[in-house]
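Working notes, structure below.
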Amino acid sequence: MSEDFSKYPAFIHDSFPAEEGGQDDLSKPLLRVRDLRKFFPVYGQGVVRKKINEVRAVDDVSFDLYRGETLGLVGESGSGKTTCARVILRALDATAGSVHFDSEVLGEVDLVQMNGKQLKLLRREMQMIFQDPFSSLNPRMTVGDIIGEPMLIHRLASGKALEKIVTELLEKVGLKSEHRERYPHAFSGGQRQRIGIARALIMNPSLIVADEAVSALDVSVQAQVINLLQDLQEEFHLTTIFVAHDLSVVRHICNRVAVMYQGKLVEIGPTESIFEKPQHPYTRRLLASIPSPDPDVKLNFSEAVVESV
Amino acid sequence: MISDKKESVLKIDGLHVAFETDNGVVKAVRDVCFEIGRGRVMALVGESGSGKSVTAFSIMRLIQKPGKITGGTITIFPEGKEPVEVNSLGAKDPRLFDLRGSLVSMIFQEPISALSPVHTIGDQICEAILTHREMKKKEAEVLVVEMLDKVGIPEPQMRLRQYPHEFSGGMRQRIVIAMALVCRPELLIADEPTTALDVTIQAQILKLIKDLQDEMGTSVLFITHDMGVVAQMADDVAVMYKGRIVEMGTVRQVLKAPCHPYTKGLLAAIPGVGSAQERLPTISSVVGDTDIETPYPLRPGPDGRLVSLPPDEIAEMGMVES
Ligand SMILES: Nc1ncnc2c1ncn2[C@@H]1O[C@H](COP(=O)(O)OP(=O)(O)OP(=O)(O)O)[C@@H](O)[C@H]1O
Ligand SMILES: Nc1ncnc2c1ncn2[C@@H]1O[C@H](COP(=O)(O)OP(=O)(O)OP(=O)(O)O)[C@@H](O)[C@H]1O
Ligand SMILES: [Mg+2]
Ligand SMILES: [Mg+2]
């Protein structure tokens, strides 16, 4: 895009109350992300691969995530949402910064500093639902095995007991028990996405990072999965980071929204305040680009569309 | 609806597609019939797993084992040429080659899968042209630059020497679109082309498809879950449920006044502005006890749309301006 939104300051609609004191335990954040960075090196073409540049995929991102809340993470494609999510869960190592997580088993820990053994303990509490339902499922495993695998790895259930849990979950995400025996290739895009969701939920995690978890679903199945996530949230006090492009879904499901642009958090605040009073010009552009499902309300392409770079 | 055959670019009649699995036959597409008018945009929406992609793959003759087209005909009507009956072409028929790329081209959901990582984008688009047209590589490159410019890739002369990974996701998607359009297909099939993109880039791509469509008169089959995209892009909509079309009409008819209970449920499930934190209606909560499983044949309603309902219910349907 020709317009460069990065020159504008970040807008923070709410402060970090936990740091101002006077907070009871309930509102103690589950996650405190501070100055998180992830830079990817860019190498030259020569025989000796010399680093010639870097991509600042996540550039000094800070936010708090409260227990039981759903934080929407939105922004330009390529702005660093997936990278941010993966660094938080330590699927990638951070370049700098800290991620304090209030763990049930280990107490408060900085995920960035954890070693492999500690991380393995923590995995049960944090799960990710992946963006790409095509490549994230092992094509050689049956759906039942894919969903049940985390339980087996952590030795929490096996055999008939596991089968029962898997069947229940399949039904919860709108699939059928006979689907257990099938392989991923026999499912449509949306069906595969639900397999990924079932796999993440089986461990009863306290933190879920859902990366475009419902974008491959038709609106009716999407509604089912959103309702499911909301039920689980109430039932298990689930805390969620919800990465998504569909802003109507974000508005529906999220308590707060964070907007990323070129690796930086440019705006964060309560959902209604972001949608009603967006401050950052990029946020405004984003909101102006939502196509209305009413054919009589035409999207103003000239407002939404900027010359591309 | 457009029903004059001469004015259609695609006609699908009684299409059936089935997959043989260990647990029996999955009937992915059942008795699907529709036409796309020349120069029009038809949206295909519906349940996930209802057979939208399988229908699209059938048009391209890309159904693979264990899948099989078990019935029906698919006909393309190229402008000024003999109609091509897609599913009667033998595997070696040269017309099959024309079909993919020059008559019909498809934008797949995941742009990465359509691009080779080891060739420059310029070479890849050139290749697409040269396999379908007799011309020198130099001439093809001029076309490539022109097309890249059209899809909004800046400095196309320079950028055609770059590899896919040197572009952002949105740019790669535009490159795939350039590749799909460079042979001026009669019909463009776009399967969820913008689902992976943020709404600002989505708006750019939608505008691009619209502009190119205006300019070249391309007809489009647009598969999407996003009713906003349908409302902004399509002229006509077909709604699929469990392998069948249950309702088909103009965008205003179907989105403004849905008749089939499944379509009603689908539209009710879109999260609205006032719905925050409430439970979303789902198909089962909207449809309730109404039977949506019985496959009534599609019949025209008073306003001309087609709907799969018992005749007496169709008679009671309201009229909507199209
Ligand atoms: N492994 C990697 N090596 C080099 N660069 C990378 C790598 N992974 C991501 N990037 C770059 O980091 C930036 C952020 O990418 P990321 O996937 O986090 O974006 P995103 O916000 O999730 O985008 P989308 O909405 O398209 O999924 C991009 O510029 C991308 O090209
Ligand atoms: N190789 C296969 N083997 C068995 N069944 C298959 C195969 N490919 C597709 N199917 C089945 O065909 C049906 C239709 O699939 P299709 O991919 O057309 O759905 P879709 O409408 O495009 O859904 P989505 O919106 O989720 O992409 C699904 O029920 C799917 O399980
Ligand atoms: Mg991403
Ligand atoms: Mg599909």
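Here the protein sequences come in this chain order: A and B.
By this note's numbering, the letter at position 132 of the first sequence is numbered 132, and the numbering carries on one by one without gaps.
By this note's numbering, the letter at position 234 of the second sequence is numbered 234, and the numbering carries on one by one without gaps.
Each residue gets a CB set at the ideal place from its N, CA and C atoms; glycine is no exception.
As the structure is a computational prediction, the values presented were derived from the model and not from experiment.
- Judged by beta-carbon spacing, L115 of chain B lies within the 8 angstroms limit of Q124 of chain B, meaning their Cβ atoms are closer than that value.
- By DSSP's assignment, N115 of chain A forms no beta bridge with any residue.
- Taking 8 angstroms as the CB threshold, R244 of chain B stays off the interface with chain A.
- The Cβ-Cβ distance between M128 of chain A and D211 of chain A falls below 8 angstroms.
- Rounded to the nearest angstrom, the gap between the Cα atoms of H100 of chain A and I153 of chain B is 42 angstroms.
- Nearest neighbour of E69 of chain A by Cα position, chosen from A:L232, A:D296 and A:P291, turns out to be A:L232.
- Here T200 of chain B is near L286 of chain A, since their CB atoms are less than 8 angstroms apart.
- Taking 7 angstroms as the cut-off, one finds at least one heavy atom of ligand 3 near enough to the beta carbon of T82 of chain A.
- One finds nothing in chain B with a Cβ atom closer than 9 angstroms to the Cβ of S273 of chain A; even the nearest lies about 12 angstroms away.
- When C-beta atoms of the stretch 257–269 of chain B are compared with those of the stretch 205–212 of chain B, fewer than three pairs fall below 8 angstroms, so the two segments do not count as touching.
- In summary, the residues of the stretch 184–207 of chain A whose CB is separated from some CB of chain B by less than 9 angstroms are A186, F187, S188, G189, G190, Q191, Q193 and R194, in the order they occur in the chain.
- With the criterion set as a beta carbon lying under 7 angstroms from some beta carbon of chain A, the stretch 116–135 of chain B has no members that meet it.
- Chain B has a Cβ within less than 8 angstroms of the Cβ of K298 of chain A.
- In the three-state reduction of the DSSP assignment, K264 of chain A falls in the strand class.
- Taking a contact as a CB-CB distance under 8 angstroms, the pair V32 of chain B and D235 of chain B does not count as one, their CB atoms being some 19 angstroms apart.
- In the three-state DSSP reduction, P154 of chain B falls in the coil class, being neither helix nor strand.
- With fewer than 16 other Cβ atoms from the protein chains shown falling within 10 Å of its own Cβ, V118 of chain B counts as exposed.
- In the displayed model, I290 of chain A falls within coil according to three-state DSSP, outside both helix and strand.
- Excluding its 5 nearest sequence neighbours in each direction, M317 of chain B has C-beta neighbours in its own chain below 7 angstroms: C259, G301 and P302, listed in chain order.
- By the Cβ-count criterion, F40 of chain A is exposed, with fewer than 16 other Cβ atoms from all chains shown falling within 10 Å of its own Cβ.
- The bridge partners DSSP lists for L99 of chain B come to none.
- For chain B, the residues of the stretch 263–293 of chain A that bring a beta carbon within less than 9 angstroms of one of its beta carbons are T271, E272, F275, Y282, R285, L286, L287, A288, S289, I290, P291, S292 and P293, in chain order.
- Between ligand 4 and K242 of chain B, a heavy atom-to-CB distance of less than 7 angstroms is absent.
- Inside the stretch 59–126 of chain A, DSSP marks whole alpha helix (DSSP H) runs of 4 or more residues at positions 81–88 and 116–123, from first to last along the chain.
- Residue state for N53 of chain A is assigned as strand, using DSSP reduced to three classes.
- Put simply, the stretch 237–245 of chain A touches the stretch 77–91 of chain A. At least three CB pairs are less than 8 angstroms apart.
- 8 angstroms or more divides the Cβ of R180 of chain A from the Cβ of P150 of chain A.
- Cβ neighbours of L121 of chain A within its own chain (closer than 7 angstroms, five residues either side excluded): V105 and L106.
- Judged by beta-carbon spacing, V45 of chain B lies beyond the 8 angstroms limit of V182 of chain B, meaning their Cβ atoms are not closer than that value.
- Taken in chain order, the complete alpha helix (DSSP H) segments of 4 or more residues contained in the stretch 180–222 of chain A are 189–201.
- Put simply, the CB of H252 of chain A is near chain B, with a gap under 8 angstroms to one of its CB atoms.
- Rounded to the nearest angstrom, the gap between the Cα atoms of A157 of chain A and D13 of chain B is 50 angstroms.
- Taking 8 angstroms as the threshold, the shortest C-beta distance from G249 of chain B to chain A does not fall below it.
- Boundaries of the alpha helix (DSSP H) harbouring T167 of chain A: G159 to K172, taken from the DSSP string.
- Placement of the Cβ of S188 of chain A at a distance of less than 7 angstroms from at least one heavy atom of ligand 4 is found.
- Runs of beta strand (DSSP E) with 3 or more residues, each lying fully within the stretch 266–310 of chain B, are absent.
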